[in-house]
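Heads up: the sequence shown at position 133 corresponds to 133 in UniProt numbering, and the numbers run straight through without jumps. Cβ atoms here follow ideal geometry from the backbone N, Cα and C, with glycine treated the same way. Everything below concerns the one structure shown next.
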Amino acid sequence: MGSGSSGLAFESEGGSGSSPSRPNLDDIPESCVSSIFMFLDPPDICKLAKLNKTFHGASSADFVWETKLPSNYKFLVEKQVWLDKSSGKICVAVSYKALRITGIDDRRYWNHISSEESRFSTIAYLQQIWWFEVGGELEFEFPGGAYSLLFRLQLGKPSKKLGRRTCNGDRVHGWDIKPVRFQLSTSNGQQASSECYLHQQGNWGHHHVGDFVVDNTNAGPLRLKFSMMQIDCTHTKGGVCLDSVLICPSEFRENLKQF
């Protein structure tokens, strides 16, 4: 009797003796799969992503791949280092995103613009501000030699019209009233500064901040601090594009390419 009762109960719950559905991979929440992926190697994640939609979606989570990147990846993506083909000497470019810029997160002052004219594919465009200040630091082990540090700037907002490059200078103002002051200092005591008015519209220019020398006998990385500012608050200034900071051997300065 006991076995008969069990059979009736099974039929009433499962229906005509059919076996109940079993859990499968599709039932696992995507968030759980993503959490597991954080502990796997990239090749294993790519293989498992082919199992179903849940696993594929989990494999696309940014926080999964962030754990696979080197600890200094933010430093790396905001900077580029390359060797000049003819001389074998090192050049370094630092994106504006790695700099401290007054008001950069306020859309009333700054816009971030996609640009094919930048090594980093994005530039910062200043609409208008009273206090203009940009600063940055870099620690790098330079080979021995003399180097120049320059800001890459342009007056006017670049765009394309009918496939042709144009530059809107409507918002350019304030740069002919007071000069911009540039400063550079190094961890071994070198200092340089310069001033200039910004006046050339429509073309990128490399504005020289100063030079520094690395001795072949120096051991370890050299720390640089650099800035540009125009903080006279008697007038606003605007219409400038900021791309990056360039550090290159001093002999390259006179023949810089666009980017």
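task = Quick one: residues in its chain with C-beta nearer than 6 Å to the C-beta of Ser59, no 5 flanking neighbours on either side, listed in chain order?
result = Taking the sequence shown and counting its residues from 1, one reaches residue 59 at position 59. Contacts found: Ile45, Ala49.
request  = Take Leu51 and list the residues in its own chain whose beta-carbon comes closer than 7 Å to its own, dropping the five residues that flank it on each side.
outcome  = Here residue 51 refers to the residue found at position 51 when the sequence shown is read from its first residue. So the qualifying residues of the chain are Leu25.
For Leu222: DSSP bridge partner residues = Counting from one through the sequence shown, the residue named residue 222 turns up at place 222. The partner list for Leu222 (beta bridge, DSSP) reads Phe140.
task = Taking only runs that begin and end inside the region 68-109, name each unbroken alpha helix (DSSP H) of 4 or more residues, in chain order.
result = 73-77
message = Less than 8 Å between the beta carbons of Ile129 and Thr102, yes or no?
response = Translated into positions along the sequence shown, residue 129 becomes position 129. Translated into positions along the sequence shown, residue 102 becomes position 102. Their beta carbons are under 8 Å apart, which means Ile129 touches Thr102 by this criterion.
task = Please state whether DSSP places Lys47 in a helix, a strand or coil.
result = Start at 1 with the first residue of the sequence shown, and residue 47 comes out as number 47. Three-state DSSP puts Lys47 in a helix.
query = Are there 16 or more other CB atoms within 10 angstroms of the CB of Ala93, so buried, or fewer, so exposed?
reply = To locate residue 93, count along the sequence shown from 1; it is residue 93. By the neighbour-count definition (other C-beta atoms within 10 Å, threshold 16), Ala93 is a buried residue.
message = Suppose the cutoff is 6 Å on Cβ atoms and the five residues either side in sequence are ignored; what does the same chain contact list for Gln183 look like?
response = Along the sequence shown, read from residue 1 onward, the residue named residue 183 stands at position 183. So the qualifying residues of the chain are Ser193, Ser227.
request  = Report buried or exposed for Trp82, applying the criterion of at least 16 other Cβ atoms within 10 angstroms of its Cβ.
outcome  = Reading the sequence shown from its first residue, position 82 is the one you call residue 82. Here Trp82 is exposed, its C-beta having fewer than 16 other C-beta atoms within 10 Å.
key: Where Cys32 falls: helix, strand or coil (DSSP)   = Here residue 32 corresponds to residue number 32 of the sequence shown, with the count starting at 1. Helix at Cys32.
key: Reference Glu117; option with closest CA among Cys241, Arg253, Ser250, Phe252   = Looking up residue 117 in the sequence shown gives position 117. The candidate whose alpha carbon is nearest that of Glu117 is Cys241.
request  = Spell out whether any CB of chain D is found under 8 Å from the CB atom of Phe151.
outcome  = Of the protein chains in the structure, only one exists, and it is not chain D.
ask   = Nearest-angstrom Cα distance between Thr67 and Phe39?
value = To locate residue 67, count along the sequence shown from 1; it is residue 67. To locate residue 39, count along the sequence shown from 1; it is residue 39. Taking the straight line from one Cα to the other gives about 9 Å.
key: 7 Å Cβ shell around Pro42 - same chain, five flanking residues per side excluded   = The count along the sequence shown starts at 1 and reaches residue 42 at position 42. Answer for Pro42: Lys68, listed in chain order.
ask   = Where does Ala61 sit, in a helix, a strand or coil, going by DSSP?
value = Against the sequence shown, residue 61 aligns to sequence position 61. Coil, per DSSP.
Beta-carbon gap between His206 and Arg171 smaller than 8 Å = Along the sequence shown, read from residue 1 onward, the residue named residue 206 stands at position 206. Along the sequence shown, read from residue 1 onward, the residue named residue 171 stands at position 171. Their beta carbons are not under 8 Å apart, which means His206 does not touch Arg171 by this criterion.
task = Answer with buried or exposed for Ile177, where buried requires no fewer than 16 other C-beta atoms within 10 angstroms of its C-beta.
result = Start at 1 with the first residue of the sequence shown, and residue 177 comes out as number 177. Residue environment for Ile177: exposed (fewer than 16 other C-beta atoms within 10 angstroms of its C-beta).
inquiry  = According to DSSP, Glu133 sits in a beta bridge with which residue or residues?
reply    = The residue labelled residue 133 in the question sits at position 133 within the sequence shown. Glu133 pairs with Met229.
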